[in-house]
Amino acid sequence: MTLSVTIDGRPVELPEGATVLDAVNRLGLALPQLCKDPDRPPLGACRTCLVEVEGQRGFPASCHLPARNGMAVRTDGPEVVRIRRAVLDLTRSMLTSGEGRGGFEQLGEACARHGLAAPSWGPLHRSAVDESQSFFVLDRDACILCGRCTAACGDVQLIGAISLLGRGHAEKVGVFGDGTMASSICTSCGQCVATCPTGALRPKETPARITKRVETTCPYCGVGCGIVSAVREDGRLALMADDVPRNRSSEGMLCVKGRFGTGFVHARDRVLHPLVRRSGRWAPASWDEALDAAAEGLARNRGRFGALASAKATNEDGYAIQKFCRVVMDTNNVDHCTRLCHSPSVEAMLVSMGSGATSNSYVDYEEAGCLFVVGADASENHPVIAIRFRRAVARGARLVVANPKRIDLCDYADIWIRQRPGTDVALFNAMAKVILDEGLWDRDWVAGRTEGFEAWRASVESYTPELAERLTGVPAPDIVQAAHWYARPPFSGSCLIWGMGITQHTNGTANAHALLNLALLTGQLGRPGNGISPLRGQNNVQGCGDAGCIPTNLPGYQTYGAATLDKFEAAWGVRPPAQPGLVVTDMVEGCLTGQVRAMYVVGENPLLSEPDLHHARKALGQLDCLVVQDLFLHETAELAHVFLPAAAFAEKEGTFTNSERRVQRVRRILEPPGEARPDWWITAELARRVARRRGLEPRGFDWPGPAEIFDEMASLVPFLGGISHARLDREGGLQWPCPTPDHPGTRVLHAASFPRGRGRFVAVTQGEPAAELPDPDYPFLLNTGRLLYHWHGGTITRRVGGLLELAPRLQVAIHPADARRLHLREGDLVRVVSRRGELDGRAHLTDAVRAGEIFVPFVKLADSAANFLTNSAFDPSAKIPEYKVCAVRVERPLGGTEAERPVGGRGRA
Amino acid sequence: MAAARHPETTTSHETDSHETESPVVTPGSLDRPLASFPRDRTWLLPALQAVQAERGWLSLADLAAVAAHCRVPKSEVYGVATHYPELRLAPRGQHLVRVCAGVPCRANGGLGLLDALGGALGVLAGGTTADGRVTLEAADCCFVCGVAPVVEVDHQYLSGPSVDAVLAACQDAPGAAAELAIPHPIFSVRDGATGTCLGRLEALGAQARARRRAGPRLLVGTGSCGLARGAGETLRALRVALARMSLDAEVLAGACNGLCHAAPVVEVLRPGAPRLTVERVTADRVGALARLLDGAIDHGLSGAAWSETATAGLPPVAIHPVLGRQERLLAERWGALVPEDLDDALLADTYAALARALDAGDPRAVVDAVKAAGLQGRGGAYFPAAVKWEGCRRAVGAPKYFVVNGEEGEPGIFKDRHVMEADPHRLLEGMLLAAWAAGATRGILYIHGEANRSAERCAAAVAQARAAGLLGPRVLGSDFGFEVEIRRGAGGFVLGEESALLESLEGRRAMPRPKPPFPVDVGAYGKPTVINNVETVAAIPVIVGGRPAAAATKLYGLSGHVARPGIVEVAPPATLRRLVFELGGGLASGRPLGAVVIGGPSGIVVSPGRLDTPLERPTLSPGTGGITALDDSVSVVDVVRTLLAFNAQESCGKCTPCREGTARMLEALDRLSAGTGTPADRDALRELPEVVQVASLCGLGQAAPLALQTAVAEFPGAFAFLRSRDASRASS
């Protein structure tokens, strides 16, 4: 049903429910609409979109005036123009012209069109510009109080850092206690800046003409938000990216990194030319020289080779690398960083269900009646998913947070379960027992969809809530209540969401199984509004695994069975090896034993991300040939023999696959700087050269571009079969499985059955909480994790000035009681020492950590990094290191009282 | 929602026990005041009020605690706290003295009182004495305009007090209020589904009758207005006097019957004898009343006997200058019953219209009856009430809400407080009938934050009605379930706008929503919602009970210089002559009438030339029913400025024309009236009113220029400076 209206005599057709302003905009008429964000409901505040409606008195605001069939509207009658001009005059009179303020953007344009050269009144209020945030300013003298920014902060992001304060003409935009923006909980997401119509909130950037805008996918975490990058006339990316409301994964939301964090592509230390190490020093080389040197070294070490692919690079890049390993190097020794984050999740899910992917979609978090978020600090790591959680709470969903650290989500939670680190199995088994004992489980589901129930049931029999309370420190009633809410949410279903708090333990796989058992017991997966979600860390960690950059499976998680190998042989001309390869942690160990002599490391920096960095450095130092392909000469590259400069995300075409299995396009916005090249191109060149040296026919690496690589992958991976670059360009991102070109993609996995048939209960018991626990010499328990303003080791984010400004120093979070005993004040220099190394940081006193525990983010800042301390003890089945627990002591370095001393990290090798 | 349990942030980890206390020291725990509120945004305003009641004001630490409890971001809590005028973000003195500076009080010397008190205390308005004992403030209105001028000491009103009386009141312990509430009777409510609703109601009535003592009942008019005039003392003195006389009479707290000017009023109810209304029974005249009760005729008291002939020395009500000349339907029982007492309500046939309607089983019939009677909204907009109910009934969503707007924040308007204080059960009956007709199952009675008397009495009435099964899952045993919750505002005239009120219910700044969607489709918590004004709702049981005339009568609050201020109820056509001169007794000063403010700051200012124009829309809308008559000593420009300044201050800040336009009009008016205006100011004052009126988002802004516009038209002489060719030269 469409409506037909006329605006200034011009007919326009509209869908049911449209407003008159929609009609005006459809015709492209220049009607001011200062308070109307194009993607948000109307606020009705600025009163500048006034129109006249034939046969109706007054001058209604068109933004909240429903269009009616046959309506005749005028925007240009003399009376309505007179009133509108007067309102614009009142609005413009609020502002003071001044340096940096420009022409007040939308308001300036509207005034100019209405012949309003100067305001009739002087401003009633003046105030200083708040420049306390690193990326943008709040300039109240350019603010018209339209309310768009506070809606963006409160209603879009649900952060509520800014609010309208006061009332009447004394109203203003501000923060708690009327302090500065930096004093508030503002996370610099920039949602407010993007929507401001006058430039009162504006980026700290000299304005420049924009020559083009390109929609692409954010290069940071696994949420996969849509961004629009703008290119300035000087050829650089604009400081601020725009959001993409039609992107179904992000719905127009962004966090600080997506909004402001893309400037790293212009970092001064980008490597612009291939480098070859000659007599211990880097020497610039031509691509031919460098590729030949690399090919020589790799070919020489065939059979003793491993590759580390990048979860930051595209699917196409990943596919090229694994194909290179399997076809040219004749090995399955290819892995990526998933080993260090979610391998236990994937491992456990493969055993229990036969698929390692998130079963549901982000939208399910908002339809759920209960969210059980375990060991995942989404506000820091997946900020846009945290918004979905907050929205769910606002809709009345129960939020149960399990985390030893008081994370931001605890403030929104109905229950905060603060288990002792490493006691997760006891917690989840006890919840299972409550669900069993109280008959809250789904008998039909268990009977129809699962196996191994009875044996498993016996295994949780001893886990009473009281026992769990003793083991975990969580009050038994909280365990019971959490079990009730998870099993029987007040409405809809329950979503189980977890992060590295579950996986980065020596018992990570057991933890994951204990969680999955809860989902199997209650049937909380396979339907809209429920599901199981491991939150993925890197932008393309899902896609990198999908593309086959894992030693255990071929692309699409296909096993090394004969039929599959036949299929790949037919496509590739070479039969892939049938034996599983080495995982990354084994490759590092293999360097020490001679099992690995050459490595090809693409877009990864293991010497920051591996545990026990001194040990890892020693291992990689043994290599005969280390080829590193990246943007920067990072810690790992320092040991390399050949460095191949790669193009950044903004300089190449391809796809990323996010945590909800949505394949999305990455587009070239800029030409790569210098001689940098896309990863897939470099890998293909390398493959041809190694193949030639091995006497192989160098075919299958002559793709014209990434679209063709994707087509090849899609032809071999059934669940990607219906996806192509062309289709993504047409329709936007698609969620796999999407087997055919007419398939719409899949929101919910496991609706009717599991890939392995029935879901399998796996009995697990609570083991020792961790491999290394505090003792008199190392009395503190160290927990590590991430920071909103940095990403992983910080290789990229340290190169974005504004992000570094927001988090410049390594903070050691310590409980005030411990700090008092150690005579530490906020900001004091502290040294954290483990059996493996030490780091220096600044004390941050907070009761977010328990007494006896400290928290250090694993980003490297001022040369200190948490992974100098961490333990390389790993989970036996998934081989993930125990990043989350180790024993340390906290010291005050000599003379470390004043806050200005430089901070550095040293080894204790 | 269950309260969240968070682990202690400081645990009993193996640390020295003396080092485990929290590093953040907060002055006193807020656990107790906050514990009763679910951890949900909708309780934000009540939680802030509870904490303020505990602390006297709200510190940043307190705000942060409330924010954490209600799970609302701190900045948003700060935004809310800075928005509502009754929330205090700075400490105040031990005692709070507020002097009303509204138009009716100004006309009766309020500003002089403020100056005198300031002089005596040595502070300016807004200041606190050096010893921290007293904070002095000017109030926009205390909403007891019938006893102007009014001073409020620690939330107790005083009518026209001397400076010494105010200072003496400050010697008392703060907040010492007279406890006048009566205990709740207990009804034995039979369960089960037998019998009709009317049958159940009659059974309740029988219990009430059985409980009723036979002796005389003396009801002292202890409404807010009466208390300001010493009704509390009268009540106490009367009890002492009657005990001394060994007279077997009950002395009870009643309500104002509308004769605010005659307060304290005592109503005498004796079995088998006519009701007597006795005026001006101050504590020192209790003896005279005792003589009257003793049968004497020369008691010297005035009033009326509700009989054909004079009784006990009082003339028949028919010739009473105020009571005898009204058409009292909504007000018929005011003063004659103990307001919150369900026994009294039942004996007066309250809830009978409801019971009959429920037995008939057709909500549509209620809609039709109210529609046929033509009941229009008395909040000032005059929208047909039943049309909203039909919309709500049709709308999709559950539960549906019925909200009674008892915010009444318009200075000079005090009629809704009289309804709530005098007959809360009739209001509840109206809510039940309207909610049933509208398909709503949840009721919210939203009462002004300072209308404590209204809130107490409504709360007591709700508790009694619930105990008797008149509220709850099965109202009178029917299938109709209805719960009522009382919410309090925290100031803000804009709450009269229905969507702003809904925002405040949800714990947000009171800023109107763009419409559509209208509340009947998307209202409280996003659900279909009807919002009706108190007076509108109170008329419903009368109409449904068979007296449709109640749809046409209107409550007027007479104030200012009238000789007999108070609340009257008249049938149309009302005129200012009837209200001001016949019922109001003309001007107390004996001077000629100068101007009348009809309505408050959203109303109009008219000249005596309008005395005989019927108060009918659209020609001369009675608005909210406030009639402030002023003699010719009053400066119309000053009145307009007061009203305009109030509108500028009360603009919620959301939309530009109202927020900026009212401030600019005030700016221009001040300059022009001071003789420093420019031609641009003159142009602005001629053009801006129209802009603000037609371009503002809600009724507050749309009505904000009305007083100025009408006054300029009605009093051309007073506003001559708007016409001069050069404003500044003409005035010099």
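Top line first, the protein sequences correspond to chains S and E.
Mapped onto our numbering, the consecutive letters of the first sequence carry residue numbers 1 to 909.
Mapped onto our numbering, the consecutive letters of the second sequence carry residue numbers 910 to 1641.
Think of the CB as a built atom: it goes at the ideal place given N, C-alpha and C, for glycine as much as any other residue.
Following the DSSP letters along the chain, one finds residue 510 of chain S inside the alpha helix (DSSP H) bounded by residues 508-522. Residue pairing by DSSP places residue 163 of chain S opposite S:174 in a beta bridge. Looking at the DSSP output, residue 1045 of chain E shares a beta bridge with E:1006. Across the structure, residue 768 of chain S and residue 841 of chain S are spaced so that their CA atoms are roughly 30 Å apart. Of the candidates S:118, S:337, S:445, S:207, the residue whose Cα lies closest to the Cα of residue 608 of chain S is S:337. In the DSSP annotation of this structure, the continuous segment of the beta strand (DSSP E) that includes residue 370 of chain S starts and ends at 370-374.
Apart from sequence neighbours up to five positions away, the residues of its chain that approach residue 728 of chain S with a beta-carbon distance below 6 Å are 665, ordered along the chain. A Cβ of chain E is located within less than 7 Å of the beta carbon of residue 171 of chain S. Contact check between the region 393-403 of chain S and the region 517-533 of chain S: fewer than three CB pairs, one atom from each, fall below 8 Å, which does not count as touching. In terms of beta-carbon proximity, residue 1561 of chain E lines the interface with chain S, with at least one pair separated by less than 7 Å.
For residue 780 of chain S, the uninterrupted beta strand (DSSP E) segment begins and ends at 780-785. Only those residues of the region 982-1007 of chain E whose C-beta falls short of 7 Å from the nearest C-beta of chain S are listed: 982, 983, 984, 985, 987, 988, 991, 992.
Here residue 301 of chain S is near residue 597 of chain S, since their CB atoms are less than 7 Å apart. Around the beta-carbon of residue 454 of chain S, fewer than 16 other beta-carbon atoms lie within 10 Å, marking it exposed. Annotation: Cβ neighbours of residue 1564 of chain E in chain S (cutoff 8 Å, chain order): 44, 45, 46, 47. Proximity of chain S to residue 1606 of chain E at the Cβ level (cut-off 8 Å) is accounted for by 44, 45, 47, 61, in chain order.
For the region 69-87 of chain S, residues whose beta-carbon sits nearer than 7 Å to a beta-carbon of chain E comprise 83, 86, 87. Put simply, of E:1061, E:1163, E:1000, E:1390 the residue whose alpha carbon is nearest the alpha carbon of residue 1267 of chain E is E:1390. Per DSSP, reduced to three states, the secondary structure at residue 567 of chain S is helical. Residues of the region 1255-1275 of chain E with a Cβ closer than 8 Å to any Cβ of chain S: none. For residue 1570 of chain E, the C-beta contacts it makes with chain S under 9 Å involve 86, 87, 90, in order along the chain.
Taking a C-beta cut-off of 8 Å against chain S, the contacting residues of the region 1575-1603 of chain E are 1576, 1589, 1593, 1596, 1597, 1599, 1600, 1603, listed in chain order. For the 7 Å CB-CB criterion, residue 881 of chain S and residue 787 of chain S do not form a contact. Per DSSP, reduced to three states, the secondary structure at residue 993 of chain E is coil, with no helix or strand assignment.
When Cβ pairs closer than 8 Å are counted between the two stretches, the region 1587-1602 of chain E is seen not to touch the region 1273-1280 of chain E, the count staying below three.
For the 7 Å CB-CB criterion, residue 1279 of chain E and residue 1440 of chain E do not form a contact. With a threshold of 7 Å between beta carbons, residue 1423 of chain E makes contact with chain S. According to DSSP, residue 282 of chain S shares a beta bridge with S:277. Within the region 110-131 of chain S, the residues whose Cβ lies closer than 8 Å to any Cβ of chain E are, in chain order, 120, 121, 124. With the rule of 3 Cβ pairs closer than 8 Å, the region 1019-1029 of chain E counts as touching the region 1052-1062 of chain E.
For the pair residue 50 of chain S and residue 80 of chain S, the CB atoms are nearer than the 7 Å cut-off. Nearest neighbour of residue 677 of chain S by Cα position, chosen from S:645, S:649, S:170, turns out to be S:645.
Remark: three or more beta-carbon pairs, one from each stretch, lie closer than 8 Å, so the region 996-1004 of chain E and the region 1033-1044 of chain E are flagged as touching. As DSSP reads the structure, residue 1590 of chain E sits in no beta bridge. When Cβ pairs closer than 8 Å are counted between the two stretches, the region 748-757 of chain S is seen not to touch the region 584-596 of chain S, the count staying below three. Below 8 Å, too few C-beta pairs join the region 964-971 of chain E and the region 1368-1377 of chain E to call them touching: fewer than three.
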